[in-house]
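Residue numbers (our numbering): 871 to 979.
Pasting the structure below:
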């Protein structure tokens with residue numbers, strides 16, 4: 871990717887600063903995005919529970935499932951799908967790119 875391809879992308883961190891099992895949160899405009907490293911693959915979802923609009927990042931990880939700390943809803947990091955009540959609507963998932971050693975994401979809705 872050349873520098874022009876980064877237009878609209880938000881830098882998250884250096885690639886080596888996001889180890890397996892870790893996450894970083896960034897903002898793209900007014901959208902909070904949590905980027906997770908699961909076994910070396912990066913996934914990005916909106917950091918907003920569809921049940922109560924609270925933060926998701928930092929909740930317990932169960933493989934590819936992120937559990938909301940407040941009420942126990944779970945979401946699939948790969949797709950944003952809601953996996954159990956009390957959440958029924960998915961969270962948005964976003965693309966992730968690595969370029970010149972840095973991680974980028976964007977709200978592409």
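By construction, the Cβ of each residue, glycine as well, lies at the ideal position given by its N, Cα and C atoms. Because the structure is a prediction, the values reported are computed rather than measured.
Simplified DSSP assignment, three categories, for residue i
i	result
residue 969	strand
residue 871	Here the model assigns residue 871 a pLDDT of 47, short of 50, so the residue's position is not dependable and the matter cannot be decided.
residue 857	The shown model of the chain, from 871 to 979, leaves out residue 857, and the question about it has no answer.
residue 918	coil
residue 881	strand
residue 886	helix
residue 876	helix
residue 898	strand
Rounded Cβ spacing between residue i and residue j (contact assumed at less than 8 Å)
i	j	result
residue 943	residue 921	5 Å
residue 889	residue 974	Actually they do not touch by this definition, with Cβ atoms about 18 Å apart.
Short Cβ contact (9 Å threshold) for residue i with residue j
i	j	result
residue 934	residue 948	yes
residue 908	residue 961	no
residue 925	residue 931	no
residue 883	residue 957	no
Beta strand (DSSP E) runs contained entirely in the region 926-961, provided each spans 3 or more residues: 935-937, 944-946
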